[in-house]
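For reference, each letter of the sequence shown is one residue, going 653 to 1335 in our numbering.
Where a beta carbon is used, it is the ideal one built from N, C-alpha and C, also for glycine.
Computed from a predicted structure; not experimentally measured.
Structure first, commentary second.
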Amino acid sequence: MASILKLQVIGGAYNEGALAYLLQTDDFRFLLDCGWDENFSPEIIEEYKRHIKSVDAVLITYPDIYHLGALPYLVGHCGLKCPVYATIPVYKMGQMFMYDLHQSRSNSEDFTLFTLDHVDAAFDLFIQLKYDQSIPLEGNGQGLTITPLPAGHMIGGAIWKISKEGEEEIVYAVDYNHKKERSNLTKISRPTLLITDALNTKYSQGQRKTKDAQLLKTMRRDGNVLICVDTAGRVLELALLLEQLWRNEQSGLFAYSLALLNNFSFQVIEFARSQVEWMSDKIVRQFEENRANPFHLRYVKLCHDLNELEKVRAPKVVLASQPDLECGFARDLFIQWVENDKNSIILTTRTCPGTLARELIDKPNLTTIEVEVRRKVPLEGVELEEYMERQRILNEQNAAKAQAEKKKSRKLSKRSIDEEMDVDVSVDDYEEEEEDEEEEEEDDDDENQDNNKSKLSTTDTIIDTGLADDLKGNSLHTPSSIRLPSQSPFAPKRKAFAMFPYKEEKYVCDDYGEIINLDDYMIIETKPSIANDLSSINFGDSDERHPFSELTDITNNNNNTPGMIMMQQPATTVPNNQSQHPSIQQVQHQPSSIPFKTLRDKRELKINAKVLYVDFEARSDRESIEKLLNQIKPKNLIFIHGTQDCIEQLDKYCTARQIVQGRIFSPHIGEIVDATTERNLYQ
653 MASILKLQVI GGAYNEGALA YLLQTDDFRF LLDCGWDENF SPEIIEEYKR
703 HIKSVDAVLI TYPDIYHLGA LPYLVGHCGL KCPVYATIPV YKMGQMFMYD
753 LHQSRSNSED FTLFTLDHVD AAFDLFIQLK YDQSIPLEGN GQGLTITPLP
803 AGHMIGGAIW KISKEGEEEI VYAVDYNHKK ERSNLTKISR PTLLITDALN
853 TKYSQGQRKT KDAQLLKTMR RDGNVLICVD TAGRVLELAL LLEQLWRNEQ
903 SGLFAYSLAL LNNFSFQVIE FARSQVEWMS DKIVRQFEEN RANPFHLRYV
953 KLCHDLNELE KVRAPKVVLA SQPDLECGFA RDLFIQWVEN DKNSIILTTR
1003 TCPGTLAREL IDKPNLTTIE VEVRRKVPLE GVELEEYMER QRILNEQNAA
1053 KAQAEKKKSR KLSKRSIDEE MDVDVSVDDY EEEEEDEEEE EEDDDDENQD
1103 NNKSKLSTTD TIIDTGLADD LKGNSLHTPS SIRLPSQSPF APKRKAFAMF
1153 PYKEEKYVCD DYGEIINLDD YMIIETKPSI ANDLSSINFG DSDERHPFSE
1203 LTDITNNNNN TPGMIMMQQP ATTVPNNQSQ HPSIQQVQHQ PSSIPFKTLR
1253 DKRELKINAK VLYVDFEARS DRESIEKLLN QIKPKNLIFI HGTQDCIEQL
1303 DKYCTARQIV QGRIFSPHIG EIVDATTERN LYQ
């Protein structure tokens, strides 16, 4: 019997925005990608909220913001708790993407959409897979199997295959790249139902040698070169390319310094070194033959803020995040360098319309551009006093609320303990005790009877004078002849023994035994005060935290970018020394106590530098997509993620060539597509 197949578009239809689709297979619902755009549009969040409670699993294809950017928000604010499936590199690099995005925003403004806690909580839901590893689902997904296949584009990128035993096979393939690259695998499957994008239908890629030569020519000018890249995706490809160019003595690039600048540059390269198996066959063979890891970079200097970059000798080529130029170090360097005619700005990816980078790509002849300069400055004077007063009132309210909750919890706990400590007396025991007392009264003389009455009277007096609680609280078994006021002679037959409250701790185990909690073995070190170090990090909000313990919360007073808050490691650390840097598992957050405000100024910049777009997106172009569809020939086809012209052109091509055996769909946002093959199914 065929399955019920429905697809609803949440985002990424007839546009170039974030990707998110709700796929229903019988009673199981997948969220295919969970993206957000650079401007954090609230419209897509409203679409998420309508369906978030019905999601059973999330499948992530790539680690960038377009494919998982909304995940921390949905986990932190919308209650998303289902499993999230991704490959190992997507899990690791996705953390770097979200950490760097949060820090880039927090450096220049008060960013509160999600915190680093939300990022950590989101990635705790991840289930990491390898390529071609099939995972059977449970519950409503009984009989379904998901498998990630290599997609190219970014390291760890996945094409998801969803199979059901003896029935339909669904393949979700977006932003894939069929070409063999320096750090990506290429493999594609033959699905029955194909869900794919049409973003590059009207685009034809040039030859790789031409793009490399164009990049090399631009870098040979006298000034500095800014290359706008992402955090942990395509930047690996570019870093490897530039490293190879610098190693070539005939390139003539030794006069230039080469730097990688983002908040987590060391961690990104460190993770790349451990993921050689996910790269191309050429790199794997090179590693096996020479035992040389390609990401042991000799010429690329790793920098974490503008202060470290200032120490790099000029002229220099800088790979900086973010690629959209909306925030991050790339935006700071663009503002500093764009008015110098000796400098060059290289854009490597087409971001969403409305971003600064996209405006420069769409309008290559611009001579001036207006940008908003955002910077954070500490509060002073009256503003600081008002802020402290608001914080004091808020702290008092929170303390009162916490005290009330604690008092209520104490009362409930005491009531529960009292109920557990009460000793129940069965009806049979009560009757037997009554008969024994009657026999004793007949055999004993009046003196003994008087003594017994005196003892019972004394006992009753003790209970009435307030020691009943002591009897209940301190005696494990209260004598049956002494009945407490709260007890009934008609109690249940089952005896309840005195119990103290105990919460059983559940231990998590894997194939190798109990999971080790690293916090139990960490040594707490007291770090010296570095209050005078003006090149350390500060997070503007008191409740936000940074994931690396060796970063300290102090204001940065950079002369080139006043008011900007930058990140820097302690002076004793060496960027290229592995032992001096924490791993991603050693996550420790530190709050900031200095209040800030965000100043926004409009500035008109003259574009004197050379601005050039060189395509390093690594997506399949029109020719490749058409060839791929001819090979696959799916039974049904759903086009998503692309402009209207691109989708219509690809639709006409498939119809004219009769590539699709069944139907072709191209839904809009909010539209539901019913791709069920058997129309007589009860739905």
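When beta bridges are read from the DSSP output, PRO788 appears opposite THR797.
The beta-carbon distance between HIS754 and LEU732, rounded to whole angstroms, is 18 Å. This is too long to meet the 8 Å contact definition.
Taking GLY809 as reference, the option from GLY818, ALA825, GLU820 with the minimal CA-CA separation is ALA825. CYS1298 sits close to LYS854, with the two beta carbons spaced by under 8 Å. Within 10 angstroms of the beta-carbon of GLU1024 lie fewer than 16 other beta-carbons, which makes it exposed. Counting only the Cα atoms, ALA924 lies some 25 Å from SER786. If you draw a straight line from the Cα of VAL710 to the Cα of ASP679, it is about 15 Å long. For THR797, same chain residues with a beta-carbon under 6 Å away, outside a window of 5 residues either side, are SER786, PRO788, SER815 in chain order.
By alpha-carbon distance to LEU1264, the top candidate from VAL1029, TYR718, CYS880, GLY1033 is CYS880. Under DSSP, GLN676 forms a beta bridge with LYS658, ARG681. Comparing alpha carbon positions, the residue from GLY791, PRO1247, PRO741 closest to GLU1032 is PRO1247. In this model, ARG1044 and LYS1058 are separated by some 21 Å (Cα to Cα).
Three or more beta-carbon pairs drawn from the segment 970-977 and the segment 1003-1021 are found closer than 8 Å, and the two stretches are therefore classed as touching. When DSSP states are grouped into helix, strand and coil, ALA966 belongs to the coil group. DSSP places GLU978 outside both helix and strand once states are collapsed to three, so it counts as coil. DSSP places TRP688 outside both helix and strand once states are collapsed to three, so it counts as coil.
When the five nearest sequence neighbours on each side are left out, the beta carbons in the same chain lying within less than 6 Å of the beta carbon of MET806 are those of TYR714, GLY885, in order along the chain.
The count of Cβ pairs closer than 8 Å, one atom from the segment 952-967 and one from the segment 899-913, reaches three, so the stretches are in contact.
In this structure, the straight-line span from the alpha carbon of GLN988 to that of TRP930 is close to 37 Å.
Less than 8 Å divides the Cβ of LEU1302 from the Cβ of PHE1291. The segment 954-974 and the segment 885-894 touch, with no fewer than 3 CB-CB distances between them shorter than 8 Å. Going by C-alpha positions, ALA1270 is about 15 Å away from THR862. The C-beta distance from GLN780 to ALA738 rounds to 7 Å, short enough to meet the 8 Å contact threshold. The shortest CA-to-CA distance from GLU991 to any of THR1295, GLU668, ARG1255, LYS1304 is the one to ARG1255.
Counting along the chain, the unbroken beta strand (DSSP E) around SER909 starts and ends at 909-913.
Rounded to whole angstroms, the gap between the alpha carbons of SER1065 and CYS730 is 31 Å.
Shortest Cα-Cα distance from LEU1257 to any of GLN1310, ARG1002, ARG983 involves ARG983. Under the criterion of beta carbons closer than 8 Å, LEU765 and GLY746 do not qualify as touching, at roughly 17 Å. With contacts defined as CB atoms closer than 8 Å, SER917 and ALA1261 fail to qualify as a contacting pair. Restricting attention to LEU671, ALA966, VAL936, CYS734, the CA atom closest to the CA of ALA850 is found in LEU671. Across the set HIS770, ILE696, GLY1322, LYS1285, the C-alpha of LYS1285 shows the shortest separation from the C-alpha of ARG1315.
One thing to note: GLU761 has its Cβ within 8 Å of the Cβ of ARG1026. A straight line joining the alpha-carbon of PHE775 with that of GLN794 spans about 25 Å. Collapsing the DSSP output to three states places GLY663 in a strand.
Excluding five sequence positions before and after LYS701, the CB atoms of its chain that fall closer than 7 Å to its own CB belong to CYS730, given in chain order.
Shown here, LYS1258 sits in a strand according to DSSP, grouped into three states.
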